[in-house]
């Protein structure tokens, strides 16, 4: 087993344990009353489940992940988009800001321009409808009210 594979296995197990801890902590929260439809337990449980699945997939991967020279630029583009997102969320609104984030991430992974624009706009709109209208949790609407 190569050093990178061992590192991946250890990292995956650590991530899995952190996720299990987060889910357990969320499940064990004592809440006097629920102020919103979902309640405060849902977020740590959902994040914990995502971390458990991610950690398990990293730990059980048959070979170590390899990086090519061009990958670093794509990683930086995704990181820059994620850093930009909170600054444009309020001024632009959820749908445009999330569409921009999705488009930049799609382009970082060599997505074609027009399908990336359409897919990111559709995904942002569906998420907005589910959270803002479906769950009644307010999301920033921006200057156009969307």
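Residue numbers (my numbering): 1 to 146.
Every residue gets a Cβ at the ideal spot worked out from N, C-alpha and C, and that includes glycine.
With a cut-off of 8 Å on Cβ pairs, the region 91–107 is in contact with the region 115–133, counting three or more such pairs. The Cβ neighbour count for residue 44, taken over all protein chains shown within 10 Å, is at least 16; the residue is labelled buried.
Taking residue 54 as the centre and dropping the five residues before and after it, the same chain places the C-beta of 15 closer than 7 Å to its C-beta, in chain order. Residue 71: member of the alpha helix (DSSP H) spanning 71–92, first to last residue. Closest in alpha carbon position to residue 25, among 41, 10, 135, is 41. By the neighbour-count definition (other C-beta atoms within 10 Å, threshold 16), residue 91 is an exposed residue.
With contacts defined by Cβ atoms closer than 8 Å, residue 58 and residue 120 do not form a contacting pair. Residue state for residue 62 is assigned as coil, using DSSP reduced to three classes.
Note on residue 6: under 16 other CB atoms within 10 angstroms of its CB, so exposed under the neighbour-count rule.
By the C-beta density criterion, residue 8 is buried, having at least 16 other C-beta atoms within 10 angstroms.
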